[in-house]
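Chemist: Please read through the structure below; I'll follow up with questions.
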Amino acid sequence: MTFINYAAREINCKLVYYGPGLGGKTTNIKFVYEKTNPNAKGKLISLATETDRTLFFDFLPLDLGEIRGFRTRFHLYTVPGQVFYDASRKLILKGVDGVVFVADSQAARMDANLESLKNLELNLKEQGYDIKTIPYVLQFNKRDLPTALPPDEMYRQLNFKGEPTFEAVAMNGTGVFDTLKAVAKLVLTELKKK
Ligand SMILES: Nc1nc2c(ncn2[C@@H]2O[C@H](COP(=O)(O)OP(=O)(O)OP(=O)(O)O)[C@@H](O)[C@H]2O)c(=O)[nH]1
Ligand SMILES: [Mg+2]
638 MTFINYAARE
648 INCKLVYYGP
658 GLGGKTTNIK
668 FVYEKTNPNA
678 KGKLISLATE
688 TDRTLFFDFL
698 PLDLGEIRGF
708 RTRFHLYTVP
718 GQVFYDASRK
728 LILKGVDGVV
738 FVADSQAARM
748 DANLESLKNL
758 ELNLKEQGYD
768 IKTIPYVLQF
778 NKRDLPTALP
788 PDEMYRQLNF
798 KGEPTFEAVA
808 MNGTGVFDTL
818 KAVAKLVLTE
828 LKKK
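No gaps in the numbering here: position 23 of the sequence shown is 660 in our numbering, and each next residue is one more.
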């Protein structure tokens, strides 16, 4: 549900980082925040618990400059990955234009990845979106860990429509902007069809 304001010549797109708890969603958008020029970003708003788990969401507005005379903004959100915050996840998905699924590469987290992916599919469906057609990219995060599964094994289990897939170490920023650019591109391509 991209918001196009013709009078103000503005386009606002909503990107949501989804995935299992502790997978690195917040770390992704913190890195984007740190590396973005001050005049191209708003405040990073994080609502977290005392132990730094996302409680409700993180939010970062990014200004991409003008596209064909329209001021274009991307609003980046993360959901709380912990299973029991499902009501928040549903709320945050409202009006989504594109999704990044941040998978945790650790072998022990594969079940959590699969559960979260199912949960995403269901919650999108509830909002009237189809995971098969929505702009969507997949990220294998935490590639630095010795317990990381091989990428082809991850791909086999998690990639379901040939979506663009990136290996990442969000902690040091590896793959973070490649992931963001890929989903932004898919969203803008979708926008051109309208
Ligand atoms: N080794 C390693 N650790 C990472 C990486 N990315 C994030 N982390 C760590 O993983 C932990 C969880 O990261 P978060 O970004 O808070 O995870 P999240 O997905 O937002 O978690 P929730 O908000 O609970 O859903 C933190 O301690 C991060 O520093 C990575 O690429 N490699
Ligand atoms: Mg978080």
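From the three backbone atoms N, C-alpha and C, an ideal C-beta is built for every residue, glycine too.
Can you give the Cα-Cα distance for ILE768 and LYS762, rounded to whole angstroms?
Modeler: Residue 768 sits at position 131 when you count from the first residue of the sequence shown. Residue 762 sits at position 125 when you count from the first residue of the sequence shown. Those two C-alpha atoms are separated by around 8 Å.
Chemist: Under a Cβ-count criterion, where at least 16 other Cβ atoms within 10 Å of its own Cβ denotes burial, should LEU825 be classed as buried or exposed?
Modeler: Taking the sequence shown and counting its residues from 1, one reaches residue 825 at position 188. Burial is judged here by how many other beta carbons sit within 10 angstroms of a residue's own beta carbon; LEU825 has at least 16 and is buried.
Chemist: Suppose contacts are defined by Cβ-Cβ distances below 7 Å. Is LEU701 in contact with TYR670 by that definition?
Modeler: As a first step, residue 701 must be located in the sequence shown, where it is residue number 64. As a first step, residue 670 must be located in the sequence shown, where it is residue number 33. Contact flag unset, no.
Chemist: Tell me whether ALA677 is buried or exposed, calling it buried when 16 or more other Cβ atoms sit within 10 Å of its Cβ.
Modeler: Your numbering for residue 677 matches position 40 in the sequence shown. When all chains shown are included, ALA677 counts as exposed.
Chemist: Report buried or exposed for ASP734, applying the criterion of at least 16 other Cβ atoms within 10 angstroms of its Cβ.
Modeler: Against the sequence shown, residue 734 aligns to sequence position 97. It counts as buried.
Chemist: In the DSSP assignment, what residue or residues form a beta bridge with ARG708?
Modeler: As a position in the sequence shown, residue 708 is number 71, starting the count at 1. According to DSSP, ARG708 bridges with GLU647 and GLU703.
Chemist: Assuming contact is defined by CB atoms lying nearer than 7 Å, are SER742 and LEU786 in contact in what I supplied?
Modeler: On the sequence shown, residue 742 is found 105 positions in, with the first residue counted as 1. On the sequence shown, residue 786 is found 149 positions in, with the first residue counted as 1. LEU786 sits close to SER742, with the two beta carbons spaced by under 7 Å.
Chemist: Taking LEU684 as part of the beta strand (DSSP E), name the residues at either end of that continuous run.
Modeler: Residue numbering aside, residue 684 sits at position 47 when the sequence shown is read from its first letter. Element bounds for LEU684: 682–685.
Chemist: Count the other CB atoms, across all protein chains shown, that sit within 10 Å of the CB of GLN764; report buried if there are 16 or more and exposed otherwise.
Modeler: Reading the sequence shown from its first residue, position 127 is the one you call residue 764. That one is exposed.
Chemist: Would you identify the three-state DSSP class for ASN760, choosing helix, strand or coil?
Modeler: Within the sequence shown, the letter at position 123 stands for residue 760. Correct three-state label for ASN760: helix.
Chemist: Does ALA805 come out as helix, strand or coil in the three-state DSSP assignment?
Modeler: On the sequence shown, position 168 is the one that residue 805 refers to. Coil.
Chemist: Consider the C-beta atom of THR816 and the heavy atoms of ligand 2; say whether any pair is separated by less than 6 Å.
Modeler: Mapped onto the sequence shown, residue 816 falls at position 179. No; taking the cut-off as 6 Å, the Cβ of THR816 has no heavy atom of ligand 2 nearer than that.
Chemist: Answer with buried or exposed for LYS651, where buried requires no fewer than 16 other C-beta atoms within 10 angstroms of its C-beta.
Modeler: Taking the sequence shown and counting its residues from 1, one reaches residue 651 at position 14. Label assigned to LYS651: buried.
Chemist: Across which residues does DSSP place MET737 in a beta bridge pair?
Modeler: Working through the sequence shown from its first residue, we reach residue 737 at position 100. Checking the sequence shown, residue 737 turns out to be Val, not Met. Note: VAL737 sits in a beta bridge opposite TYR654 and VAL774.
Chemist: Since ASN642 is in the beta strand (DSSP E), which residue starts that stretch and which ends it?
Modeler: As a first step, residue 642 is located in the sequence shown; it is residue number 5 there, counting from the start. That run of the beta strand (DSSP E) goes 640–642.
Chemist: Go through its chain and collect everything with a Cβ distance to ALA749's Cβ below 6 Å, but skip five positions before and after it.
Modeler: Against the sequence shown, residue 749 aligns to sequence position 112. Cβ within range, chain order: PRO657.
Chemist: For my contact list, THR811 and VAL774 are in at a C-beta cut-off of 8 Å; report their separation, rounded to the angstrom.
Modeler: As a first step, residue 811 must be located in the sequence shown, where it is residue number 174. As a first step, residue 774 must be located in the sequence shown, where it is residue number 137. Not quite, the Cβ-Cβ distance comes to about 15 Å (not below 8 Å), so this is no contact.
Chemist: I need the straight-line Cα distance from PHE721 to GLU647, nearest angstrom please.
Modeler: As a working note, residue 721 is residue 84 in the sequence shown. As a working note, residue 647 is residue 10 in the sequence shown. Spanning the two alpha carbons is a distance of roughly 36 Å.
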